[in-house]
Amino acid sequence: MTEINEKTDIKSLLPTELAAYLKSLGEPSYRSRQIFSWLQKGCGSFDEMSNIPAALRAKLAESCHLYAPKVIRKQVSQIDGTIKYLWELHDGNAVETVVMRYHHGNTVCISTQVGCRQGCAFCASTIGGLVRNLKAGEILDEVLFSEKDSGLPISNIVLMGIGEPLDNFDEVMRFLELINCPEGRNIGMRHISLSTCGITERMDELAERDMQITLSVSLHAPDDETRSKIMPANRGRGVDELFKKCAAYYDKTGRRISFEYAMIDGVTDSVEQAELLSRRVKTLSAHVNLIPLNHVDERHFEPSTPANQKRFIEILEKNGINVTVRRRLGSDVDASCGQLRRKTMEGKK
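This note's numbering puts the first residue of the sequence shown at 10, with every later residue one more than the last.
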């Protein structure tokens with residue numbers, strides 16, 4: 010049973026677990042279905058559960074943790090309508106969530122940890138390190154309350170916000186079960202993307218679950234020398250090991266992998282790296298998503314020049330690689346993940 014401060018974390022319970030918990034309280038099974046429905050609507054207080062008896066609500070309030078995240082900051086892009094939220098959690102920590110509008114529907118980019126331990130040299134999220142993991146219910150709240158506040162129905166989810174999802178494996182897997190529940194939001198796994206910097210020791214376990222999500226691997230460099238400099242997670246694992254695990258994942262699930270690749274001037278955008286990336290990716294029939302680098306005040310990296318990016322794309326396409334350039338959304342609302350949280354939390358000190 011998941012707990013927060015010795016109280017049952019009710020929003021993180023799966024339907025069967027919630028039914029068992031209500032049964033232990035001597036309640037009929039249909040109460041669990043009613044309560045689960047309330048929780049999946051973004052309920053932040055037991056008092057809101059109008060069809061639940063007052064006595065049971067009081068009992069749950071005494072034994073269970075239930076909290077509604079509060080909006081600390083909300084930024085709306087004047088360019089494309091992207092909405093960036095900074096949510097305050099029950100313990101005063103904060104995480105970022107972004108709602109993006111596409112022609113195929115609305116996508117929410119969610120965080121899985123408060124801070125991050127991976128130390129990627131170009132990322133704002135990892136400045137200050139990892140504070141703690143998010144519970145499954147807290148990750149779920151990012152979806153529910155972003156939808157509730159924005160009024161935009163969410164149809165797609167990307168786990169690409171603050172934190173490394175595979176570093177919080179159990180809670181992330183529980184969240185995926187919760188969001189996929191037919192009794193709840195019922196968002197299909199094919200509408201969910203999970204991004205990892207390459208925690209290879211967890212990738213086999215993810216493959217075994219065969220959940221039909223889209224796996225996005227934050228590669229950012231095709232060679233060990235460069236990747237280890239900008240991504241400490243590569244040390245002790247290596248690019249060869251990462252691609253071996255990617256191949257095993259592809260063989261097991263049949264799901265095409267997407268490789269995220271930051272275009273950093275003079276670091277990751279050479280002709281040699283484009284050729285090496287082509288050779289590595291081609292064996293997996295994978296997709297490459299080039300990412301124009303966002304500015305981070307504390308980092309010294311600069312985005313590739315338009316000419317270098319064009320040359321890089323031409324090489325990939327010449328080698329038969331499926332390549333796209335990520336559309337830059339919310340460029341006027343602290344677009345780089347982690348910046349809004351860092352600036353706001355530092356201002357509170």
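From the three backbone atoms N, C-alpha and C, an ideal C-beta is built for every residue, glycine too.
- In the DSSP annotation of this structure, the continuous segment of the alpha helix (DSSP H) that includes Phe45 starts and ends at Ser38 to Gln49.
- Segment contact: the stretch 219 to 234 against the stretch 285 to 293, three or more CB-CB distances shorter than 8 Å; contact assigned.
- Where Lys319 is concerned, the enclosing alpha helix (DSSP H) starts and stops at Pro315 to Lys327.
- The beta carbon of Gln318 lies closer than 6 Å to those of Met272 in the same chain, with the five residues before and after it left out.
- For Leu34, the number of other beta carbons within 10 angstroms of its own is below 16, and it is reported as exposed.
- Pairing Gln84 with Glu105, the inter-Cα distance amounts to about 11 Å.
- Considered as a whole, the stretch 153 to 239 harbours 178 to 189, 209 to 218 and 233 to 239 as its complete alpha helix (DSSP H) runs of no fewer than 4 residues, in chain order.
- For Pro24, the uninterrupted alpha helix (DSSP H) run begins and ends at Pro24 to Ser33, by DSSP.
- Assignment of Gln87 by DSSP, reduced to helix, strand and coil, places it in the coil class.
- Counting every other CB atom within 10 Å of its CB across the protein chains shown gives His113 a total below 16, marking it as exposed.
- Separation of the CB atoms of Leu168 and Ile119 is rounded to 6 Å, and the pair is thereby assigned contact status at 8 Å.
- For Cys118, no alpha helix (DSSP H) segment is defined; the enclosing uninterrupted segment is the beta strand (DSSP E) at Gly114 to Cys118.
- Between Leu23 and Glu186, the CB-CB gap stays under 8 Å.
- According to DSSP, Lys79 shares a beta bridge with Glu97.
- Judged by DSSP in its simplified three-state form, Arg288 adopts helix.
- In the structure shown, Gln282 falls within a helical segment according to DSSP collapsed to helix, strand and coil.
- Non-local beta-carbon contacts of Ile324 in its own chain, meaning distances under 8 Å to residues more than five positions away in sequence, involve Val280, Ala283, Glu284 and Ser287 in chain order.
- For Ala257, the enclosing alpha helix (DSSP H) covers residues Val248 to Thr262.
- Here Thr333 is exposed: its Cβ has fewer than 16 other Cβ atoms, across all protein chains shown, within 10 Å.
- Closest in alpha carbon position to Arg82, among Ser72, Glu192, Tyr94 and Thr277, is Tyr94.
- In the displayed model, Ala103 falls within a strand according to three-state DSSP.
- The stretch 202 to 211 and the stretch 58 to 69 do not touch, with fewer than three beta-carbon pairs separated by less than 8 Å.
- In the DSSP annotation of this structure, the continuous segment of the beta strand (DSSP E) that includes Met272 starts and ends at Ser267 to Met272.
- In the DSSP assignment, Gln127 falls outside any beta strand (DSSP E) and carries neither an H nor an E.
- Taking 8 Å as the cut-off, the Cβ atoms of Phe321 and Val276 do not count as close.
- Around the C-beta of Arg183, 16 or more other C-beta atoms lie within 10 Å, and the residue is accordingly described as buried.
- The C-beta of Val226 has 16 or more other C-beta atoms within 10 Å across all chains shown, which makes the residue buried.
- Excluding residues up to 5 positions away in sequence, Val108, Val152, Ser155, Ile163 and Ile166 lie with their Cβ nearer than 6 Å to the Cβ of Val117 in the same chain.
- Excluding five sequence positions before and after Cys125, the CB atoms of its chain that fall closer than 7 Å to its own CB belong to Ser134, Thr135, Leu139, Ile171, Gly172 and Glu173, given in chain order.
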